[in-house]
Amino acid sequence: MLENKKPVGLLFDIGGVCVVSPFQAILDYEIANNIPKGWFHERLQKKQTTGVPISAPPLPEIDAEWLFWEMMRVSRTPDPYMYPALQKLKASGQFIIGALSNTVIFPDGHPYNSDSNGVKSQFDFFISSAHTGLRKPDPKIYAAALREMDTLAKKRGLQGVEPSDVVFLDDIGENLKAAKNAGLRTIKVNLGRTQDAIRELEKITGLQLLDTGDKAKL
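For the sequence shown, the residue numbers in my numbering are 467 to 684.
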């Protein structure tokens, strides 16, 4: 069956998949400031900045700049389960491994521009929304990733890559839906449940990726 077919390529989102989710910083901020759980996520999904129901408790003043940088700080930490799995996948040499991430550009010289956590070095290619001008869930960014996969596959002497040859991991349902519409297979990575996604990867790849001691040494 198609869902059990061994993939040629694996495509990873970064935040919330390979590194700790920036949404964890939002959740912590909501808890610390008595903001209704999920308020930020709902506003972001609806592209609103206000609009809390009248019956909801009044919201405190939000320090948006502090929260942004806290999200960036938190998401510098490799996920303690997915990162070792990613290293094993790369070491196997069996797959083309790419990254497809909605990103921001930091100022020149900013330390967050460096790959100090080693995550980027695990990928054969990295498609950044901030550098391409495309963002998930735009269908064009998935097409760009498939073209890159196809080019690398042919360089390795493989046949062309079809969308169904690629498995995409993301933590956002809207992004996964768009990927599925583009023909990719998908795995949802839920907040705090990275291991579940890795177990799905194990079934698809045939590799043991998750061990009890599989935590990144940070």
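No residue lacks a Cβ here, since even glycine has one placed at the ideal position from N, Cα and C.
Return the CA-CA distance between residue i and residue j, expressed in angstroms with no decimal places.
{"i": "Val-485", "j": "Ala-645", "result": "20 angstroms"}
{"i": "Phe-591", "j": "Ser-567", "result": "11 angstroms"}
{"i": "Tyr-608", "j": "Ile-653", "result": "15 angstroms"}
{"i": "Asn-499", "j": "Asn-647", "result": "38 angstroms"}
{"i": "Lys-472", "j": "Gln-560", "result": "10 angstroms"}
{"i": "Leu-684", "j": "Pro-544", "result": "Interpretation of Leu-684 is limited by its pLDDT of 38, a score under 50 that renders its predicted location unreliable; the figure taken from the coordinates is listed afterwards. Those two C-alpha atoms are separated by around 8 angstroms."}
{"i": "Lys-602", "j": "Leu-612", "result": "14 angstroms"}
{"i": "Gln-674", "j": "Arg-542", "result": "26 angstroms"}
{"i": "Ala-565", "j": "Asp-604", "result": "16 angstroms"}
{"i": "Phe-589", "j": "Ile-563", "result": "5 angstroms"}
{"i": "Ala-551", "j": "Glu-666", "result": "12 angstroms"}
{"i": "Leu-624", "j": "Glu-527", "result": "55 angstroms"}
{"i": "Ala-596", "j": "Thr-569", "result": "5 angstroms"}
May I ask you to report which of helix, strand or coil DSSP gives residue i?
{"i": "Arg-622", "result": "coil"}
{"i": "Arg-659", "result": "coil"}
{"i": "Leu-667", "result": "helix"}
{"i": "Gly-649", "result": "coil"}
{"i": "Leu-675", "result": "coil"}
{"i": "Gly-481", "result": "strand"}
{"i": "Lys-654", "result": "strand"}
{"i": "Asp-616", "result": "helix"}
{"i": "Ser-521", "result": "Model confidence at Ser-521 stands at a pLDDT of 49, short of 50, so the residue's coordinates are unreliable; what they give is reported in the following sentence. Looking at Ser-521 - three-state DSSP - the assignment turns out to be coil, as it is neither helix nor strand."}
{"i": "Glu-527", "result": "coil"}
{"i": "Asn-500", "result": "coil"}
With a cut-off of 8 angstroms on the beta carbons, I'd call residue i and residue j a contact; round off their distance for me.
{"i": "Tyr-549", "j": "Ile-664", "result": "In fact, because the Cβ distance is near 11 angstroms, the residues do not count as touching under 8 angstroms."}
{"i": "Leu-657", "j": "Gly-482", "result": "7 angstroms"}
{"i": "Ile-480", "j": "Val-585", "result": "7 angstroms"}
{"i": "Leu-555", "j": "Leu-476", "result": "6 angstroms"}
{"i": "Ile-619", "j": "Ile-593", "result": "With the sequence shown as reference, residue 619 is identified as Ala, and Ile is not the correct amino acid for it. No, Ala-619 and Ile-593 are not in contact; Cβ-Cβ is about 16 angstroms, not under 8 angstroms."}
Please name the residue or residues paired with residue i in a DSSP beta bridge.
{"i": "Val-632", "result": "Gly-475"}
Segments of 4+ residues assigned as alpha helix (DSSP H) that fall wholly inside the region 537 to 614: 548 to 558 and 595 to 598
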